[in-house]
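To keep things clear, I will list the structure first and then write my remarks on it.
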Amino acid sequence: MLTDLKIKNFAIIDDLHISFLPGFTILSGETGAGKSIIIGALNLLLGGRGFVEQIRTGEDEAIVEALFDTSKDKTFKELLGTKSLDTDDNTLLVKRIISREGKNKILINGSLATLSMLTEIMEPLLNISGQHEHQELLRPQNHSDRLDGFGGLLALREQYQETFRLREQIKQELDNLKAEKTREAERKELFSFEHREIEDAHLAPGEEEKLRKEKTILQNAEELMRTSHDVYESLYGSDEAVISHLNRNVRDLREIAIIDSQLTPFSQTLDSVIIQLEDIAVSLRDYNKKIHFDPQLFEEIDNRLETIHRLKRKYGETIEEILQYQKKIEVEMGKISLRDDRLQVLERDYGKASQEAWTKAQELSRKRKEVALVLSIKLEEELATLGMKNTRFFVEITQSELLDERGMDQIEFLISPNPGEELRPLARIASGGELSRLLLAFKHIFAQEENISTLIFDEVDSGIGGATAEVVGKKLFTISRYYQTICITHLPQIACFGDNQYSIFKQIEEQRTKTRVKKLKADDRVEEIARMLGGTEITTRTRTLAREMITGAKNAVIQQQKK
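All residue numbers for the sequence shown refer to my numbering, where the first residue is 302 and numbers rise by one.
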């Protein structure tokens, strides 16, 4: 339970310390005195977001600190042990520091902690019910959370959600691949065409250069034939040809070399030249015989070069680049094939995950229907004790053909506050007072299920008064016999049931507004409840009525306990 709360430099609170006791504690005071600020500070300890604007003007940091007695909860001690936060004296000290410099801190038993750790540790210790919870109760999308929480189905729902999220993850990838496949259908067709076009061309590196040379030769065949023939004739074609003259020259040199042997090398060299010239002449003769203009061959070469030129315009500046592009196409086509394979795998996995998700959703739905009956009975019993004896409550579970994060069920709470009325959604029929009592009934039931040690009610009196407020006060007192209960209220019919009461008020000191708290003794309580009855003017009549209300509340509690 919460034993001490210290708030420093938070909003208009400069330094506040409240020591809480077991049972039913009332926090009362004028509007704007700072009661909601205290709730805001407690929300920080539950993991709420801290803002620089919450720091009191002129101060560097705001501090909220709470001390809890955990001696009665062995399970909680085990939780602390898992976080390396063992405590020897059965107390838990939680501190939250909000700094203007952004150096915010969370301390649990003096050790630095994370926000998620704080939230997990505080969940079984403290629960705050406020106006926002009234609004949440009206929204059908929140009803499955309450039903699953009551029935202990959150773990089962989490198992379902893991499967559902896996299915959705697979579906997302599957949809992306299908969309990609649709987009790539044209690319695949284009790749196939391009690959086939290059493949059918049977290109070879260096081929273009060779073909261009062949084309040039064919284009100049006549000149090549004429010139090669003329050179052959000049070298070897007649007695007056170059070789004939040289042969005579050799014979002359040999004759005179007999006289002077120094001339012998010259005749020998000239012999070699003649042999080379004869070889050249023979080669020119052979070349001349085979060289001719072939129109068909010329057309084939020209067409081949045109094919290469066309492919170069599309795929690369050289044959080598075209062949590289072909390999690139093969890689891309391979990727597309892999995607097709992946698509088949994903379709199989999606079918399996979908079937598993539906199976778990059906199991969750079946258990929800069982829990819904129990919750309806318990709530009707609770509402009967809150002055709503003839109220019918029903959990409507409609199964959908589609799955979502919560399963296959559309869950909505229906209520019929009066006999003869149809069951209708809360948002359409529940009044503010009925909603307050319904929320209180929920809180009582859930506190039993979740074993929360401290319940705080803010604005539980919204939309109620008179006899209804008295019934709510009595219920809060009953709840406080099992769990420490703290209630912020403006209604004397509720306040008179408190075991303890604190007055929250504002003071102006040194031209600064400050929130103060005072634990009320018996006479002070009479004065405070009289103020709550009559406003600023407290009369003998309101004091007398306040005493009667306090006495009446005690007697009502005694009578209730006898039952």
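All C-beta atoms, glycine included, are put in the ideal place defined by N, C-alpha and C. Quick caveat: nothing in here was measured; it's all calculated off a predicted structure.
Neighbour-count burial assignment, residue i, 16 or more Cβ in a 10 Å radius
| i | result |
| --- | --- |
| Phe494 | exposed |
| Ala456 | exposed |
| Glu702 | exposed |
| Ser737 | buried |
| Asp361 | exposed |
| Leu674 | exposed |
| Ala658 | buried |
| Pro718 | buried |
| Ile757 | buried |
| Pro566 | exposed |
| His865 | In the structure as shown, the chain starts at 302 and stops at 864, and residue 865 therefore has no counterpart that could be examined. |
| Pro506 | exposed |
| Pro596 | exposed |
| Gln563 | exposed |
| Asp762 | buried |
Cut-off 8 Å between Cβ atoms - residues of its own chain near residue i, not counting five sequence neighbours on either side
| i | result |
| --- | --- |
| Ile313 | Gly335, Ile338, Arg357, Lys807, Thr814, Lys815, Thr816 |
| Leu512 | Ile602, Arg605, Leu606, Ile609 |
| Gln700 | Ser666, Met709, Asp710, Gln711 |
| Val858 | Lys775, Phe778, Phe798 |
| Lys246 | In the structure as shown, the chain begins at 302 and stops at 864. Residue 246 is therefore absent and cannot be evaluated. |
| Leu346 | Val365, Ala367, Val395, Arg397, Leu419, Met423, Leu427 |
Which residues DSSP lists as bridging residue i, in chain order
| i | result |
| --- | --- |
| Cys788 | Ile327, Phe758 |
| Ile308 | Leu317, Val365 |
| Ile716 | Phe694, Arg725 |
| Phe806 | Arg817 |
| Gln700 | Asp710 |
| Asp370 | Thr392 |
Simplified DSSP state of residue i, which is helix, strand or coil
| i | result |
| --- | --- |
| Glu618 | coil |
| Gly359 | coil |
| Asn443 | helix |
| Met526 | helix |
| Gln597 | helix |
| Thr843 | helix |
| Glu706 | coil |
| Thr769 | helix |
| Asn801 | strand |
| Leu347 | coil |
| Leu322 | coil |
| Leu303 | strand |
| Ile730 | helix |
| Asp561 | coil |
| Met833 | helix |
| Lys591 | helix |
| Glu811 | coil |
| Thr608 | helix |
| Ala662 | helix |
| Leu585 | helix |
| Glu828 | helix |
| Leu741 | helix |
| Thr332 | coil |
| Tyr651 | helix |
| Arg458 | helix |
| Met850 | helix |
| Phe451 | helix |
| Ser638 | helix |
| Ile753 | coil |
| Glu556 | helix |
| Lys378 | helix |
| Glu633 | helix |
| Ser763 | coil |
Sequence-distant residues of its chain with Cβ nearer than 7 Å to residue i (five each side left out)
| i | result |
| --- | --- |
| Ala662 | Tyr461, Leu704, Gly708, Met709 |
| Ile753 | Pro425, Asn428, Tyr784 |
| Phe492 | Ile630, Glu633, Met634 |
| Ile471 | Leu647, Asp650, Tyr651, Ala654 |
| Thr843 | Ala831, Leu834, Gly835 |
| Arg555 | Ser568 |
| Ala502 | Thr608, Leu612 |
Contacting residues, own chain, Cβ-Cβ under 6 Å from residue i (five flanking each side not counted)
| i | result |
| --- | --- |
| Ser445 | Arg707, Ile712 |
| Asp449 | Leu455, Arg458 |
| Asp759 | Ile340, Gly431, Ile789 |
Residue i beta carbon near the ligand MN (any heavy atom closer than 8 Å)
| i | result |
| --- | --- |
| Gln470 | Among the components modelled here there is no ligand, and therefore nothing to report on the ligand MN. |
Give, in chain order, every unbroken run of the alpha helix (DSSP H) that is at least 4 residues long and sits entirely within the region 383-443. 416-423, 432-439
At what residue ranges does the region 474-549 contain a whole run of the beta strand (DSSP E), taking only runs of 3 or more? none
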